[in-house]
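Protein chains in written order, with the numbering used here: chain A, 1 to 429; chain B, 1001 to 1309. Think of the CB as a built atom: it goes at the ideal place given N, C-alpha and C, for glycine as much as any other residue. Remember, predicted model here, so these are calculated numbers, not experimental data. The block underneath contains the structure these notes are about, expressed in structure tokens.
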Amino acid sequence: MKEAYWEDTMHSILKTSLATLVAAGVTASSAFADGHALSGELKIISDMSNPAPRAVMEGLVEDFGALHPELEIDLTIVDREAWKTQIRNALGANPPDVVNWYAANRMRPYVDAGLFADISDLWAEPEFEALASTKGAMTLDDKQWGVPYTYYQWGVYYRKDIFDQYGLSEPTTWEEEVANCQTLLDNGVKCYTIGTKFLWTAGGWFDYINSRTNGYDFHIALARGEIEWTDDRVRQTFANWRQLIDMGAFIDDHQNFSWQEALPFMLNGEAASYLMGNFAVAAMRDGGLTDDQLDFYQFPVINPDVDYAEDAPTDTFHIASGAQNVDAAKEFLRFVTSAEVQTEINGGEALGQLPVNANASIDNDKFLEQGFEMLSSNANGGIMQFFDRDFSAEMASVGMEGLQEFMVFPDNLEDILARLEETRQRIYQ
Amino acid sequence: MSSADTNRGWYKRNEIAITPWLFLLPAMLFFAVYVIIPIGQSFWISFHQWDGLGDKTWVGTANYERLLGIGDQNVDRKFEVSFWNNLRWLVLYLLAIPAGLFIALFLNQTVFGIRLYKSLFFFPFVISQVVVGLVFSWFYLPNDGLFDVITGWFGIDVSGGVLGNPNTATYGIIAAGLWPQTAYCMILYLTGLNAVDPEQVEAARLDGAKGRKMLWYVILPQLKPATFIAFVVTIIGALRSFDLISVMTNGGPFGSTRVLSFYMFEESLSEFGFRMGYGAAIAVVLFFIMLGFIVYFLWSMYQDEKGAR
């Protein structure tokens, strides 16, 4: 026991000092290039409140502080859920310099209200070419409003041992997907677990089925309110979805469960797969699944005429327009997105997600490797940010409620679509 | 006016008239700042479209028109559902009063350990509503929950689970809310029963009253103040039901358990909300519903006091 403890401590000491060293190497050059040392106070408010992200954020501040000893960094960490409503007040009076938020349409209210600073000049720097893949998600009105620091893939996580037991292989087409599912159901195993109590999980299914049926461009146009919900192409999406619902592919009574409460069905083997973000892997491993039992595949093709589009929500840093120390804030954004820091904070020991910098390396983890491979070479349609970030807030909340209802009472579809269409016309008039 | 009077200071001369106001001033100030002015602001905001950040846009009564379906639009369905759910809460929550009375009568005896029983019955009111909500949502869980197991013995199966079925979810939550509310009413009645005049009971007994008649004609009239307070707290409790809904169903499934206070929160302050104007309009409607009850309570209290004089 004691030895293990000692080893652990040594390990973490080594790791921290290594990290600092690496970090020091990176930004020393850029700080010199600036020609003057940063000073004053840098106020950061972060929503990275879960244990692992919190450690990452604190580590970031520590390393950045070590590089700029003159700079006094004031870090406040706010509960992640609470931050979603607190950010408004925080950005209002006496704003901090740097805040966490989300990409795409979720930035819209703050951009429109002039609370986020335009940092297009930062994106024009040559170092930021390595972040090109996420530039679109950070762009509104042809300007960039923040930088990403991590993202993660979505896809179907499945029980490899159950698939092997019934002689199934990873499906690549909708027909195979449905056939696999039928085999599982015949053997008394549900195809998918899902918990829709908090609605957003149903949004993931819609994103995938809609973008696979009608393509990325159609999906985004729908998100922008340019297409009617009662359009036949939207109906086709729901018809495809209904195929699975009518088969009984999803676990029963899913409207009672949160996504975590739906996990045991997969852990017990009552359900074989889960359409989820990569953050679920940690929970599945904690639940006792080994990497031999757990695997991942990309959501299959439905319409061969459209390219793969993938959900890959991006988490971000922004500079408040009322920031007092813009130089330091920009330097911090450069620091966070640099290849070395990206490699470190997205490692399996830290966030366990994908780095946004193309020059960063992926941690040695089969899900991260597969995810990175999928997003960089097999997502030609585009990257979606997820239903509740691509659609405007009100459309998203009404929409997700409708999706949940559809999953329980598919016969109500007409009524649901009429309701969504009414909402769309009111919001996007 | 005598010269002695003019020699005294202005305050001294008006002391009797001013002092009460001085004592009232702090309370009036705080009541104004925290209650009266915010109510006025809510009214003001409800005539605007506002995301809480930028400028307010004056839209007149458009928010109310959308809410109530005036003109060529349909009445807001979420509002309709919330309103009817509020009514369900109001009516069914009142069951806490007879239930509380029954338990109070049952516990109003002197046997060994009665204090312990009383505190156990009072227990649900002491624990947080969030805990009550959690306990009941586990109780209602489909397949594993105790409720589902018990109804299973009788061959009843609520599809989707009690909280997952839009037809039963609201009733499930009200039942959970009745648990602490009954305890509250019970404690009110227990204190009321202490004040029952033993001589009247004795006299009634000599006249041959017992059982139901004794309760109805002798005990209950003496419990009228307790009943009134129980009525007030239950009505108000029903109208502000929020935490249980938020914990147990989060307004779902598909918004079928929303009540006005929850809908107001969702529209104005939740993650996808920040439609302050519309949220304020709901708040105003809820305010008028509450006002109706409050006026009734104040009026009947006034009548009682007048009668007592």
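Asked: Unbroken beta strand (DSSP E) run spanning asparagine 230/A, endpoints; Found: Before going on, a small fix: residue 230/A reads as threonine here, not asparagine. Here threonine 230/A belongs to no beta strand (DSSP E), and DSSP marks it neither H nor E.
Asked: Helix, strand or coil at tyrosine 1278/B according to DSSP, with G and I counted as helix; Found: helix
Asked: Contact set between phenylalanine 1139/B and chain E, taken where Cβ atoms lie within less than 8 Å; Found: This model lacks chain E altogether, as its protein chains are A and B.
Asked: The alpha helix (DSSP H) enclosing phenylalanine 1228/B, as first and last residue numbers; Found: 1224-1239
Asked: Residues near glycine 35/A by beta carbon distance below 7 Å, same chain, minus five either side; Found: Annotation note: pLDDT 45 at glycine 35/A (below 50); position unreliable, no value reported.
Asked: Local conformation of aspartate 475/A per DSSP, three classes; Found: Residue coverage of chain A in this structure runs from 1 to 429, which leaves residue 475/A outside it and unanswerable.
Asked: Proximal residues to valine 111/A (C-beta, below 6 Å), its chain only, five neighbours per side dropped; Found: Leu140 and Trp145
Asked: Contact set for isoleucine 87/A: own chain, Cβ-Cβ below 7 Å, skip 5 residues either direction; Found: Val99 and Trp101
Asked: Chain-ordered chain B contacts of glutamate 490/A [CB-CB under 7 Å]; Found: What the structure shows of chain A is the stretch from 1 to 429, and residue 490/A is not part of that stretch, so it cannot be assessed.
Asked: Length at least 4, wholly inside the segment 1072-1159 of chain B: the alpha helix (DSSP H) runs in chain order; Found: 1077-1093, 1096-1107, 1114-1126, 1129-1139 and 1146-1153
Asked: Nearest-angstrom Cβ-Cβ length linking proline 430/A and valine 326/A, presumed shorter than 8 Å; Found: Since the first residue of chain A shown is 1 and the last is 429, residue 430/A is not available in this structure.
Asked: Selection from Phe409/A, Tyr208/A, Arg233/A and Gly287/A that minimises the alpha carbon distance to aspartate 311/A; Found: Tyr208/A
Asked: Contact with chain A by glutamate 1310/B, beta-carbon distance below 7 Å; Found: Here chain B covers residues 1001 to 1309 and nothing more, so residue 1310/B does not appear.
Asked: contact_flag[the segment 300-320 of chain A, the segment 168-176 of chain A] where n(CB pairs < 8 Å) is 3 or more; Found: yes
Asked: Proximal residues to cysteine 191/A (C-beta, below 8 Å), its chain only, five neighbours per side dropped; Found: Asn180, Cys181, Leu184, Leu185, Leu244, Met247, Ala249, Phe250, Ala271, Ala272 and Ser273
Asked: Strand pairing of tryptophan 154/A, partner residues [DSSP]; Found: Gly277/A
Asked: Arginine 424/A in three-state terms, based on DSSP; Found: helix
Asked: Top-ranked residue by Cα proximity to arginine 424/A, from Met407/A, Gln404/A and Ala393/A; Found: Ala393/A
Asked: Limits of the beta strand (DSSP E) - the one that tryptophan 101/A falls within; Found: 98-102
Asked: Segment contact flag, the segment 120-129 of chain A with the segment 333-353 of chain A, C-beta cutoff 8 Å, min 3 pairs; Found: yes
Asked: Cβ separation of valine 189/A and glycine 269/A, assumed to be a contact under 8 Å, to the nearest whole Å; Found: 7 Å
Asked: In chain order, each beta strand (DSSP E) run of at least 3 residues that lies wholly inside the segment 160-246 of chain A; Found: 190-192
Asked: Residues bridged to proline 148/A (per DSSP); Found: Thr316/A
Asked: Within 9 Å of chain B by C-beta, residues of the segment 182-207 of chain A in sequence order; Found: Thr196, Lys197, Phe198 and Leu199
Asked: With 16 other Cβ atoms within 10 Å as the buried cut-off, status of glutamine 1073/B; Found: exposed
Asked: Proximity test, Cβ basis, 7 Å: phenylalanine 1272/B and chain A; Found: yes
Asked: Distance CB(phenylalanine 1262/B)-CB(isoleucine 1245/B) smaller than 7 Å; Found: yes
Asked: Residues sharing a beta bridge with valine 301/A, DSSP; Found: Thr173/A
Asked: Residue span of the beta strand (DSSP E) that contains threonine 76/A, given as start and end; Found: 71-77
Asked: Proximal residues to aspartate 292/A (C-beta, below 8 Å), its chain only, five neighbours per side dropped; Found: Lys160 and Asp161
Asked: Three CB pairs or more closer than 8 Å across the segment 409-423 of chain A and the segment 222-237 of chain A; Found: yes
Asked: C-beta atoms of threonine 1249/B and leucine 1163/B nearer than 7 Å; Found: yes
Asked: Chain-ordered residues of the segment 390-423 of chain A with a beta carbon less than 8 Å from chain B; Found: Ala393, Glu394, Ala396, Ser397, Glu401, Gly402, Gln404, Glu405, Val408, Arg419 and Glu422
Asked: Sequence-distant residues of its chain with Cβ nearer than 7 Å to leucine 413/A (five each side left out); Found: Phe238 and Phe406
Asked: Reference phenylalanine 409/A; option with closest CA among Met107/A, His254/A, Tyr152/A and Asn89/A; Found: His254/A
Asked: Pick from Ser377/A, Ala379/A, Glu349/A and Gln385/A that is closest to arginine 54/A, judged by C-alpha positions; Found: Glu349/A
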